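S.K.: This is the structure, below, for whatever I ask next.
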Amino acid sequence: MSSINSISFVQHSSDPVASRVWGLNWNSTGKNLVTCGEDKSVKIWKLNSEKLELIQKIAGDQTRAIRYAHFSSCGKYLATGSWDATVIIYEYVGNEFEEKHKLEGHDNEIKCCQFSPSGAYFATCSRDKTVWVWEVDEDGDYEVLSILQRHSGDVKFVLWHPEYDLLISGGYDNALRMYYYDGDDWVSAQDIEGAHGSTIWSASFDPSGRYMVSVCAEHVVKIWELTSPMPTSSAKLLNIASYEIKDTVWPLYSVSWNPLNNLIAIGGGDQYVRLLQFDEESKAVLPFLSLKLDSEINSLSWNPTNDSLLAAALDDGTVQLVNVSV
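Note that this note's numbering has the sequence shown beginning at 18, numbered continuously upward.
Have a look at this one:
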C-alpha cells in the first residue's frame, strides 16, 4: 500500500529571528545534502540510514541570507547564492569545501545559481531581472559570457536541461524563457509570456529531459514538452497539461521531479507536500499522496539514488526527510 511519512529531521537554524531554510540540494551520489538559509549559513550533511549528520558548516562568507546552494555534477564544487548579490564557489579540498571564487556583478539579490550538467557553464539569476551565464575554463576560473535581460521582473530560478546546454528561467513576470549558446553568445530560443497567471517559482525536468514541470503562486502545475532538446533555435516548450491544486489558496514554491520514477513533488505555503503523477499517454496530471509538514515549504529535492527519499526545507528552521512507499 502506498504511503508517505516524515522519517527524520535536523535543525538547520535555531535563530528565532532568521530561522527560514531557503534551499537544499543533494549531490549526484545522494550521499550528501547541502542546506542554506536566512541565518547566512550553509550546512553540508551526510546521509546515514535515513538520517542526516552534519559534516560541515560554512558561515561568515556572505553578509545576507543565502537563498540557494547547488553541487556540481562531479561533486567537487559547491555554489551558494546570497541576497548580498554575490555567489561563492567552493572547492572540495581534503575533507571540506573551501572558498575558491567569489562572483560579483549582479545589482541585487541572487535567487538561484546552477552548474550546467556538462560543467562548462554556470548560470545565476537575480532580483535585478537578469540571467547571467558564466563560462568555466579548464583552470576552474569563471568568466561572464552573457548577461540576458529578457525578464521584466525578479527572476526566481534558472534550470539546466539534464543532458544538453539548454537553459530555462522563470519569475515574477509570469514568463518562461529558454536560452542556448549560438557559438558567439547566449541567445533566446523561446519566450513564453503568460506561461502562468502569476509568479513562476520553480521548475524541474523529468529524467529524460523531454518533459518539464513548473509551479506558480496561483497553485497551478503545468507540464511542458520539449519538442527538440538540442540547444538551437528550434528548441521549443509546449504546454501539454495543467493541474490546479483546488484545496489551497497558498503559493507553490518548489517542485522536484523524481529522477528515478514518475513522481512529482510540490510544496508551498500551506505546508503540504503533494505527490503527483504524469500520465504520458493521456497527458494528464494525477494526484497521488500528500503529507502536511510542520511549516511552510521553501524547497524540495528528491534523492538521486533513492527513489523513496525526499528532502524538504522549511520556514521553521528544520530540514525534514520524507519517505515515500509506492
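C-beta: ideal position from N, C-alpha, C; glycine also.
Values in this document were obtained by computation on a predicted structure and should not be read as measured data.
Given a threshold of 16 other Cβ atoms within 10 Å of its Cβ, counted over all protein chains shown, does D199 qualify as buried or as exposed?
M.R.: Working through the sequence shown from its first residue, we reach residue 199 at position 182. Exposed, because fewer than 16 other Cβ atoms sit within 10 Å of the Cβ of D199.
S.K.: Would S231 and V272 qualify as a contact pair, given that the criterion is a beta-carbon distance under 8 angstroms?
M.R.: Your numbering for residue 231 matches position 214 in the sequence shown. Your numbering for residue 272 matches position 255 in the sequence shown. It is a contact, given that the beta carbons lie within the stated cut-off.
S.K.: Reducing DSSP to helix, strand and coil, say where M195 ends up.
M.R.: Here residue 195 refers to the residue found at position 178 when the sequence shown is read from its first residue. In this structure, M195 counts as strand in the three-state DSSP scheme.
S.K.: Does the separation of the CB atoms of G284 and I314 fall below 8 angstroms?
M.R.: Taking the sequence shown and counting its residues from 1, one reaches residue 284 at position 267. Taking the sequence shown and counting its residues from 1, one reaches residue 314 at position 297. Yes, the Cβ-Cβ distance between G284 and I314 is below 8 angstroms.
S.K.: On the three-state DSSP scale, how would you describe E324?
M.R.: Taking the first residue of the sequence shown as 1, we reach residue 324 at position 307. Here the sequence assigns Asp to residue 324, which means Glu is not the residue at that position. Note: D324 maps to coil in three-state DSSP.
S.K.: Along the chain, where does the beta strand (DSSP E) that runs through V38 open and close?
M.R.: For the purposes of this step, residue 38 is taken as residue 21 along the sequence shown, with counting starting at 1. Counting along the chain, the beta strand (DSSP E) containing V38 begins and ends at 38–43.
S.K.: Out of W39, E108, Y289, which has the shortest C-alpha to C-alpha gap to D311?
M.R.: Position 294 of the sequence shown, counting from 1, holds the residue named residue 311. The shortest Cα separation from D311 among W39, E108, Y289 belongs to Y289.
S.K.: With distance defined between alpha-carbon atoms, name the residue in P321, N323, A258, Y270 nearest to E298.
M.R.: As a position in the sequence shown, residue 298 is number 281, starting the count at 1. Out of P321, N323, A258, Y270, A258 has the C-alpha closest to the C-alpha of E298.
S.K.: Tell me which residues share the same chain as N340 and place their Cβ nearer than 6 angstroms to its Cβ, disregarding the 5 neighbours each side in the sequence.
M.R.: Here residue 340 refers to the residue found at position 323 of the sequence shown. N22, I24, S325, listed in sequence order.
S.K.: Given K119, which residues of its chain have a CB within under 7 angstroms of its CB, disregarding the five upstream and five downstream residues?
M.R.: Residue 119 sits at position 102 when you count from the first residue of the sequence shown. The residues are T103, I105.
S.K.: Helix, strand or coil: how does DSSP classify G54 here?
M.R.: Your numbering for residue 54 matches position 37 in the sequence shown. Residue state, collapsed to three classes: strand.
S.K.: May I have a chain-ordered list of the beta strand (DSSP E) segments no shorter than 3 residues that lie completely inside the segment 135–196?
M.R.: Counting whole runs of 3 or more residues, the segment 135–196 contains the beta strand (DSSP E) stretches 138–143, 148–153, 159–165, 172–177, 184–188.
S.K.: Here's a check: name, in chain order, each residue in its chain whose Cβ is nearer than 7 angstroms to the Cβ of M247, leaving out the five neighbours to either side.
M.R.: The sequence position of residue 247 within the sequence shown is 230, counting from 1. Excluding sequence neighbours, M247 sits near Y181.
S.K.: Note down the Cα distance separating T322 from E67, rounded to an integer number of angstroms.
M.R.: On the sequence shown, position 305 is the one that residue 322 refers to. On the sequence shown, position 50 is the one that residue 67 refers to. Taking the straight line from one Cα to the other gives about 13 angstroms.
S.K.: Alpha carbon to alpha carbon, what distance is there between S307 and Y94?
M.R.: Residue numbering aside, residue 94 sits at position 77 when the sequence shown is read from its first letter. Residue numbering aside, residue 307 sits at position 290 when the sequence shown is read from its first letter. Approximately 34 angstroms, taken between the alpha carbons.
S.K.: Does DSSP classify I314 as helix, strand or coil?
M.R.: Taking the first residue of the sequence shown as 1, we reach residue 314 at position 297. Reduced to three states, the DSSP call for I314 is strand.
S.K.: Using DSSP with H/G/I as helix, E/B as strand and the rest coil, what is P246?
M.R.: Within the sequence shown, numbered from 1, the residue matching residue 246 stands at position 229. Correct three-state label for P246: coil.
S.K.: Name the residue from A252, L293, K300, W319 whose alpha carbon lies nearest to the alpha carbon of P276.
M.R.: Locating residue 276 in the sequence shown gives position 259, counting from the first residue. Here the closest residue by C-alpha is W319.
S.K.: For L254, which three-state DSSP category applies?
M.R.: As a first step, residue 254 must be located in the sequence shown, where it is residue number 237. Correct three-state label for L254: strand.
S.K.: Taking DSSP as the reference, what is the three-state secondary structure of K93?
M.R.: The residue given as residue 93 occupies position 76 in the sequence shown. In the structure shown, K93 sits in coil (DSSP, three-state: anything other than H, G, I, E or B).
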